[in-house]
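Working notes, structure below.
2 protein chains.
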Amino acid sequence: MGEFDLIARYFRRPVTRNVLGVGDDCALLQPAAGMQLAVSSDMLVEGRHFLSTVDPARLGHKSLAVNLSDLAACGARPLAFTLALAMPRVEESWLEGFSRGLLALADAHRCELVGGDTTRGPLAICITVFGEIAPGTALLRSGARVGDDLWVSGAVGDARLALEAFRGTLSLPSDAFEQARVRMEQPQPRVELGLALQGIATSAIDISDGLAGDLGHVLRASNVGARIEAAAASTLMAATCELPDLLRLEYVLAGGDDYELAFTAPADRREAVLEAGLRSGTDVTRIGAIEAQPGLRIVDGEGAPVALRVESWDHFA
Amino acid sequence: MGEFDLIARYFRRPVTRNVLGVGDDCALLQPAAGMQLAVSSDMLVEGRHFLSTVDPARLGHKSLAVNLSDLAACGARPLAFTLALAMPRVEESWLEGFSRGLLALADAHRCELVGGDTTRGPLAICITVFGEIAPGTALLRSGARVGDDLWVSGAVGDARLALEAFRGTLSLPSDAFEQARVRMEQPQPRVELGLALQGIATSAIDISDGLAGDLGHVLRASNVGARIEAAAASTLMAATCELPDLLRLEYVLAGGDDYELAFTAPADRREAVLEAGLRSGTDVTRIGAIEAQPGLRIVDGEGAPVALRVESWDHFA
């Protein structure tokens with residue numbers, strides 16, 4: 006099967022929300038009058054971002070999910086995406102699974118595949134996603150204020166738990182492993198929560214490189230510091246397996262691959278945050294507060310510092 | 006050097022035409038009121054789209070050029086782009102050259118780098134480019150009409166000539182080789198011509214997989230056929246080296262990697278096409294005509310078919 010047959014069979018679909026989709030030199034998008042376009046790109050490379058053994062449908066899902074998660078962190082509504090795909094060879098069964106997982110998530114968010122590229126090469130997936138957002142309403146990294154609460158969506162640390170189980174550095178009961186594995190392989194982008202937090206949250210970021218490291222970007226951009234309560238943070242891991250307390254905390258704070266939102270909101274908007282969580286069907290957990298002193302402090306129940314070295318995931322470390 | 010230092014040093018620049026650039030979860034674009042956004046993505050993989058020995062500045066140029074060429078083929082005005090870059094290791098000298106070549110071409114077209122991704126992996130470059138275009142004015146593949154002239158911009162076939170010289174299947178005088186090599190390594194996207202052809206051309210396409218093959222997309226989308234005059238097409242190769250006539254014609258029609266525009270326009274708009282070429286500083290050559298009979302015919306001076314097998318470049322063939 007050649008390049009054009011491959012595109013026609015697996016990736017060419019009619020568009021309804023956009024002007025022109027796959028099949029010309031460019032796609033054409035028409036944001037609603039006055040709206041801005043939020044744009045984000047992520048590239049996933051075999052061996053770095055996913056294991057070669059991953060189910061292709063889950064990989065298709067995840068490839069789009071990590072991009073939708075960036076839109077969620079801005080509070081943008083998904084509109085369209087492009088897909089550039091390098092593959093060592095054309096494997097129809099792989100393409101069938103990959104496109105099925107990818108397009109199922111796309112359909113769930115009414116996010117249309119409008120264009121892209123396919124080529125032979127080491128397996129790599131590059132998606133650029135587009136969302137609509139009203140001017141001035143984007144949730145940015147720079148808006149956190151002293152006294153704000155610090156919140157995190159969903160579950161954090163489980164993806165790392167699954168990775169360590171795959172690596173063999175720890176063993177998990179089979180049900181805990183399956184649960185953690187789904188968290189790693191099929192993250193749910195928090196698009197509805199991001200939309201619900203508009204006008205409530207003061208800043209937001211997508212946690213993909215580890216909670217502590219990504220929160221650091223918010224703190225520097227906002228010129229503030231933060232305190233995280235270790236006990237509250239530890240509850241973010243969904244898996245119920247036995248794990249030393251400090252290891253659990255390390256996976257929560259620096260595990261990586263989580264695709265949840267960390268966000269800040271004024272302390273007097275707690276009810277509004279909880280209501281946004283309910284409305285979007287997403288758990289939200291308050292784990293700390295924004296402070297004037299720069300840097301990030303992890304504290305125990307008495308406010309004493311917890312000795313823990315946390316580093317952000319660096320794709321070149 | 007880590008991922009964030011790398012981005013800060015080589016790729017983070019202030020934006021002036023766009024709302025928000027590199028440094029948050031998403032970039033924010035605001036197309037002018039009522040304008041559509043033209044979008045295109047291309048991925049370049051080492052060994053497939055470029056040789057490992059290529060000068061990084063030329064590669065940076067080419068990586069954006071092939072994307073701008075898609076905007077040109079729609080008649081869109083460049084606005085912004087994202088860059089996703091996978092590299093086996095951080096090499097500062099390579100990054101310095103690559104970013105310099107990339108950003109020089111970006112500046113020439115006022116096309117701002119607004120976001121992207123960097124990761125470790127086999128060398129691969131994925132760019133998504135955005136341009137503005139007024140609704141209803143995009144040059145599409147589907148607009149060719151029987152009786153239209155068939156035109157091509159610039160020079161075609163020289164990139165293939167350079168590739169064959171690199172492969173050692175032919176030898177070139179050193180000045181001819183250098184000229185052809187620049188065509189292969191630093192193609193000039195025909196953005197100004199694409200803009201000048203709005204309201205004149207009936208269809209357009211970017212020739213990247215070979216003139217005959219890419220023209221085939223126009224013919225099928227427009228439900229027409231075409232005749233190409235071999236003598237006129239042969240003049241498209243800029244190199245002045247000795248070459249058998251049929252080989253020259255083959256490189257012109259099926260060489261690939263040309264990044265020129267093939268376009269159609271009504272026969273009574275010849276003066277307007279030539280004037281658009283002059284205005285944009287781009288040579289334009291009339292090489293044939295659109296006909297009702299489906300398919301592509303290559304004919305000699307007497308109108309007799311030229312025996313030549315031309316195939317489009319297929320990235321999975």
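Protein chains in written order, with this note's numbering: chain A, 6 to 322; chain B, 6 to 322. Every residue, glycine too, gets a C-beta built ideally from N, C-alpha and C.
Counting only the same chain and skipping the five closest in sequence on each side, list residues whose C-beta sits under 8 Å from that of residue i.
i: Leu108(B); result: Arg18, Gly65, Leu118
i: Ala236(B); result: Asp305, Gly306
i: Thr142(A); result: Gly80, Gln203, Gly204
i: Leu34(B); result: Asn23, Val24, Leu42, Leu84, Ala85, Val119, Phe135
By the three-class DSSP mapping on this structure, what secondary structure does residue i have?
i: Arg150(B); result: coil
i: Glu247(A); result: coil
i: Gly230(A); result: strand
i: Glu101(A); result: helix
i: Ser46(B); result: strand
i: Val289(B); result: strand
i: Gly304(B); result: Strictly speaking, residue 304(B) in this sequence is Val, with Gly absent from that position. Val304(B) falls in the strand class under three-state DSSP.
i: Leu25(A); result: strand
i: Leu155(B); result: strand
i: Ser176(A); result: coil
i: Pro194(B); result: coil
i: Asp112(B); result: helix
i: Leu145(B); result: coil
i: Val95(B); result: coil
i: Gly221(A); result: helix
i: Arg253(A); result: helix
i: Leu200(B); result: helix
i: Ala160(A); result: coil
i: Gly106(A); result: helix
Could you spell out where the alpha helix (DSSP H) holding residue i opens and where it closes?
i: Met189(A); result: 179 to 190
i: Asp30(B); result: Note, Asp30(B): premise wrong, no alpha helix (DSSP H); not H, not E.
i: Phe86(A); result: Segment 82 to 92 is the beta strand (DSSP E) holding Phe86(A); no alpha helix (DSSP H) there.
i: Phe171(B); result: 163 to 172
i: His54(B); result: Here His54(B) belongs to no alpha helix (DSSP H), and DSSP marks it neither H nor E.
i: Leu73(A); result: 61 to 79
i: Arg275(A); result: 275 to 284
i: Ala236(B); result: 235 to 239
Quick one: using the 10 Å Cβ neighbour count with 16 as the cut-off for buried, is residue i buried or exposed?
i: Arg186(A); result: buried
i: Ser179(B); result: exposed
i: Glu190(A); result: buried
i: Ser57(B); result: exposed
i: Arg284(B); result: exposed
i: Asp273(A); result: exposed
i: Asp75(A); result: buried
i: Asp29(A); result: buried
i: Glu97(A); result: exposed
i: Ser213(B); result: buried
i: Glu307(B); result: exposed
i: Glu324(A); result: Outside the displayed span of chain A (6 to 322) sits residue 324(A), for which this structure offers no information.
i: Pro310(A); result: exposed
i: Arg172(A); result: exposed
i: Ala37(B); result: exposed
i: Asn228(B); result: exposed
i: Thr207(B); result: buried
For residue i, report the span of its beta strand (DSSP E) as first-last.
i: Arg125(A); result: 117 to 125
i: Ser213(A); result: Careful: Ser213(A) lies outside any beta strand (DSSP E) and carries neither H nor E.
i: Phe135(B); result: 129 to 138
i: Phe268(B); result: 265 to 270
Report the partner residues of residue i according to the DSSP bridge assignment.
i: Ile12(A); result: Note: Ile12(A) sits in no beta bridge, so no partner.
i: Glu296(A); result: Gly230(A)
i: Ser208(A); result: Thr269(A)
i: Pro310(B); result: Val304(B)
i: Gln41(A); result: Ile138(A)
Only counting the same chain, and skipping five residues up and downstream in sequence, which positions put a Cβ closer than 6 Å to that of residue i?
i: Ala209(B); result: Ala78, Leu144, Leu266, Phe268
i: Arg105(A); result: Ala62
i: Asp211(A); result: Ser74, Asp75, Ala78
i: Gln298(B); result: Gly230
i: Ile138(B); result: Gln41, Ala43, Ala81
Contact criterion: CB-CB distance below 9 Å. Does residue i meet it with respect to chain C?
i: Arg115(A); result: No chain C is present in this structure, whose protein chains are A and B.
Apart from the five residues just before and just after residue i, which ones in its own chain have a Cβ nearer than 7 Å to its Cβ?
i: Asn72(B); result: Ser45, Asp47, Phe86, Ile132, Val134
i: Ala238(B); result: Leu254, Val257, Leu258, Ile292
i: Val59(A); result: Glu190
i: Arg232(A); result: Gly293, Ala294, Glu296, Arg302, Val304
i: Ala244(A); result: Asp163, Leu166, Ala181, Gln184, Ala185
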